Ligand SMILES: [Zn+2]
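Protein chains in written order, with this note's numbering: chain P, 7 to 356; chain B, 3 to 815.
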């Protein structure tokens, strides 16, 4: 055979090999093909070995052709291997496919009661402002619940709160305000006094959609030199923006509490209508959320802070009302019914 | 307090202030207006008609065909179903085209007869039927005989009025009258009041009555006697004003006293002079055993604390609270005594409370009256008596002061510092503004120095006593809107939560993280709830603090135990289709030191948990009831999070409300911090919660335990070896005992790093009464890799200890 025959034979070898490679279905067939066409006993190897029979000057030419064919076959093999590998992975993935819409494996999550969440949120705001948290007795004396708060016996303002008495002088506290006096008595003569006191309170009310015989209050008190009513307003504005949104505005409205003078109610812009007026705010655009005022001079003097030198502000709010506004709960009794279908909605981390 | 817009408009110029604007003004000034209601509920085109003729309806027994003169050329034919219709009556007549609160009126055929309008009842006119007598609400609303035929009813009844309902705070007793409100509104609007000049009838000569005050609780008693009083209904305008203000019209003398009380804030009482024995009025304390039948027909017991009005022989009224039936004005009354007095606020309040009464008069006395109104009201009432009843005042008014503190008619001087006012408000109001506020309020100002004033507060404002009260007036009238927002300029403080608060918070967070739901329950409960706990009769849990006056039969005492509270939650949820749950509460129980209560009880902070019903299964799992180990797992996680788990020991315990074989107490540093276990089947049955697990932990005791500083453990340098042992022991041998014994046996060698249960099995392949316990051991030394030999030696010691102590035999796994 002359070199032209050799070359022709190489080309037909290449074409046959490529044809068979294209038909190969799996790695095993690929392996057989590699042995057949690129192995030690392959035709290509045979041809290289027989190159010696050619004249010396033709050997490199044929060698060049052999290498070219080998390289073409090698590349084709690599490509085929990759393609088969990819196809095989595809098949495996298809076989291993799961339903990602089926539910995950979860640990049941518990929940914090909405009132706790509101109380914690509010208390945390004041702790961050440097207030100390205080909790006091629910069974109070008439003295601390009323008398030291400028509500002597037989004062008509006692009608504002119907009281559960336990004895003539012991009662279930009707407000967290006794904590104002207890805190001042504990802290005197130090200033500033900055305290936030959450807790349960009780009133002799018939339970209905807006009344509960047991509910919660959060009392705040600041006493120092030069404490102003504007400080009260600024502090509560910060609080309102923190709880109800950064665009909240507040207003103070004159009111009456025996233990503050001047006294005020704090209104926020209606969270339902934004101030344009709706059923929830009785078309006023405002919602009353807490009572507050400057600590009454008689209360300050009685608790050991000279009212000519010191002044203070106090406020008391109802977390039930705030929870109801914030979460759209329309009946206060739902907060004490503890229906797990409601409580479990409070899974969220606040 | 209700306020008639028409009435107040007479005393302050409100031509440019609508009722709504007035409501807003009052609300912003601290007199919160809760409702603004038009008296006219939609009446238009109704006139006064006169029934000329009244014939039976040809086709209906209950209907009449009336001929009604409505002031037009021709009378109207109107079919009427009211049973009280009769010829000659003046009746409200709605002509075709008229509007009523219930709809429009047209010509309608009623059983074949065309009716040209409708005769109206009080309800159809939208009148306050609650304030009307039966005879005025059943059937047609009959008008007075002198009502002008054809007149517009709205104008005739003064229905074009608007009523403001003010939620008065108890300090503003001055606003319990139209005149007081006029002062307030005049100040807010900076307008003068326009009170009319009084045309006081001149009364002279000695009065037929003599008055004696025997108690310091009556500071003044004034009286005027009238003769020739005609007792009948009061004029329509007066009835309508009373109704607008929420007061029921009764009869002319009584209506006049109520009318003047509303106008002046001074309660008056009128009674029949001819019943006053010896024409002597004595104000005195009640006597033991004395009784009086009051105007409401009730027999009232009087006592030494009751302030009584009496004649020479017997009580005839309870001062400031209610008159007596024996001196009541009746249709036959001719001579009337009109009383205007100052009774002690606390005494009136206590008497009212004791008798369960809360009259308008009483409310005004107990909040404090204006001493200057005592005479003013009497003069005003005298004028109205003379004008409306045709009565003649007999003799001059009598005025007697009591033996106690004299009434102070003069203004009260209150010191005031403008600078301090600005400091307290945080404002910079000028002195002119403050003076102006006081001028508007009618408070005179005396200037001692620029910064030391004396403000003279008239006695009609008993709420303004201290400088702080004046500061509020300045803030209020100048407007709270003028107060800026600032923050306290105090030294910096660090926020602080006390340790028990921190512990409660961490507890809540951990229990929530292990899947429990927090509940908040009522702390008031019923003593019978404790019965379910199976505690003995003398158990401290039965010492519940009772309420003196409970609101409901269910909630009468403070809880001593949390299980009934949580069981109530479980019961509610099971009844509402919830299959089960793990709930907890951080709350207080109330343990008195003694009963009856003498001092504040111990309020003990606990957390309690209840696992009830079925655990909600994950996908592919089956539902199963909560059991002991669900609770224990939560408790272990909680203790671990607090850093106490390594120090905690679980020891079998007997609690009355727990299953004796399935309950444990948790000890930390030798102290019991809590107990938990399956609820005793009898307790569960009594609480109606089926099977459940209950836990309670004493947070205060746990908080009191001190924990050593905590440091991390160094990571090991040498490898550990794990070896397992499985033994057969009696079922009664606690796992904890096996683990403790293993640790003891291995203690000396100090290479046992950890040992833990990994399997426990009873049943096939294990003899009856025995269980197989498999424990995993991890051995490690700090300074070397352990040899098998070392480990086997320790292991053998453990096996020996188990055999010796528990008769355990090694099981080939
Ligand atoms: Zn709104």
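We put the beta carbon where it would ideally sit given N, CA and C, even for glycine. Predicted model, so just to flag it, every value in this text is computed and none were measured.
> Cβ atoms of residue 391 of chain B and residue 231 of chain B: under 8 Å apart, would you say?
Replying inline: yes
> What do you reckon, is the C-beta of residue 283 of chain P under 7 Å from a heavy atom of ligand 3?
Replying inline: With respect to small molecules bound, the structure shown includes ligand 1 and not ligand 3.
> Which whole runs of the alpha helix (DSSP H) in the stretch 306–345 of chain P are 4 residues long or more, in chain order?
Replying inline: Taking only runs of at least 4 residues, the alpha helix (DSSP H) segments lying wholly in the stretch 306–345 of chain P are 325–333 and 340–343.
> Pick from P:323, P:306, P:202 and P:325: whose alpha carbon is nearest that of residue 317 of chain P?
Replying inline: Residue P:306 is the option with its Cα nearest to residue 317 of chain P.
>> Which residues in chain B have a C-beta closer than 8 Å to the C-beta of residue 228 of chain P? List them in chain order.
In response: 490 and 492
> Three or more C-beta pairs closer than 8 Å, one from the stretch 722–739 of chain B and one from the stretch 793–811 of chain B: is that the case here?
Replying inline: yes
> Beta-carbon separation of residue 196 of chain B and residue 344 of chain P under 8 Å?
Replying inline: Not in contact: residue 196 of chain B and residue 344 of chain P (Cβ atoms no closer than 8 Å).
> With respect to 7 Å, is the separation between the Cβ of residue 334 of chain P and the closest non-hydrogen atom of ligand 1 below this value?
Replying inline: No, the beta carbon of residue 334 of chain P sits no closer than 7 Å to any heavy atom of ligand 1.
>> With distance defined between alpha-carbon atoms, name the residue in B:626, B:711, B:597 and B:614 nearest to residue 646 of chain B.
In response: B:711
> Who are the neighbours of residue 549 of chain B on chain P, taking C-beta pairs under 7 Å?
Replying inline: 170 and 172
> So, using beta-carbon positions, are residue 379 of chain P and residue 298 of chain P closer together than 8 Å?
Replying inline: Residue 379 of chain P is absent from the model: chain P starts at 7 and stops at 356.
> From which residue to which residue does the alpha helix (DSSP H) around residue 39 of chain P run?
Replying inline: 33–44
> Which residue spans inside the stretch 232–260 of chain P form an unbroken beta strand (DSSP E) run of at least 3?
Replying inline: Those beta strand (DSSP E) runs which fall completely within the stretch 232–260 of chain P and span 3+ residues do not exist here.
>> With distance defined between alpha-carbon atoms, name the residue in B:368, B:288 and B:268 nearest to residue 340 of chain B.
In response: Closest option to residue 340 of chain B, Cα to Cα, is B:268.
> Residues in the stretch 251–265 of chain P with C-beta within 9 Å of chain B's C-beta atoms, listed in sequence order?
Replying inline: 256, 257, 258, 259, 260, 261, 262, 263 and 264
> Looking at the structure shown, is residue 711 of chain B part of a helix, part of a strand, or coil, going by DSSP?
Replying inline: coil
> When burial is assigned at 16 or more other CB atoms within 10 Å of the CB, is residue 496 of chain B buried or exposed?
Replying inline: Taking a 10 Å sphere around the C-beta of residue 496 of chain B, we find fewer than 16 other C-beta atoms and assign the residue as exposed.
>> So, for residue 125 of chain P: in the same chain, excluding its five sequence neighbours on each side, which residues have a beta-carbon less than 6 Å away from its beta-carbon?
In response: 204 and 325
> residue 165 of chain P versus chain B: which residues are under 8 Å apart at the beta carbon?
Replying inline: 172
> What residues are listed by DSSP as bridge partners for residue 833 of chain B?
Replying inline: Absent from the structure is residue 833 of chain B, since the part of chain B shown begins at 3 and ends at 815.
>> Could you check whether residue 164 of chain B and residue 7 of chain B sit closer than 8 Å to each other, using their CB atoms as the reference points?
In response: yes
>> Going by DSSP in three states, residue 454 of chain B sits in which element: helix, strand or coil?
In response: strand
> Going along the chain, which residues of the stretch 305–329 of chain P sit with their C-beta nearer than 7 Å to a C-beta in chain A?
Replying inline: The structure shown contains no chain A; its protein chains are P and B.
> Where residue 308 of chain P and residue 320 of chain P are concerned, what is the direct C-alpha to C-alpha distance, given to the nearest angstrom?
Replying inline: If you take the alpha carbons of residue 308 of chain P and residue 320 of chain P, they lie about 16 Å apart.
>> Tell me which residues share the same chain as residue 284 of chain P and place their Cβ nearer than 7 Å to its Cβ, disregarding the 5 neighbours each side in the sequence.
In response: 276 and 278
>> Please tell me whether, using a cut-off of 7 Å, the distance from the CB of residue 298 of chain P to the nearest non-hydrogen atom of ligand 1 is below it.
In response: no
>> Please identify, using Cβ separations under 8 Å, the residues of the stretch 410–431 of chain B that lie next to chain P, in order along the chain.
In response: 425, 426, 427, 428 and 429
> What does residue 371 of chain B touch in chain P if you count any residue whose Cβ is under 8 Å from its own?
Replying inline: Residues of chain P passing the Cβ test: none, with the nearest at roughly 12 Å.
> According to the Cβ coordinates, are residue 450 of chain B and residue 441 of chain B closer than 8 Å?
Replying inline: no
>> To the nearest angstrom, how far is the alpha carbon of residue 429 of chain B from that of residue 201 of chain P?
In response: 25 Å
> Which of the three DSSP states, helix, strand or coil, is assigned to residue 301 of chain B?
Replying inline: strand
>> Checking 8 Å against the spacing of the C-beta atoms, do residue 350 of chain B and residue 364 of chain B come in under that value?
In response: yes
>> Does chain B have any CB closer than 8 Å to the CB of residue 160 of chain P?
In response: yes
> Are the CB atoms of residue 50 of chain P and residue 9 of chain P nearer to each other than 8 Å?
Replying inline: no
> Mind pulling the alpha helix (DSSP H) runs of 4 or more residues that sit fully within the stretch 665–699 of chain B?
Replying inline: 683–689
> Okay, do the stretch 757–774 of chain B and the stretch 699–711 of chain B touch, 3+ Cβ pairs below 8 Å being the bar?
Replying inline: no
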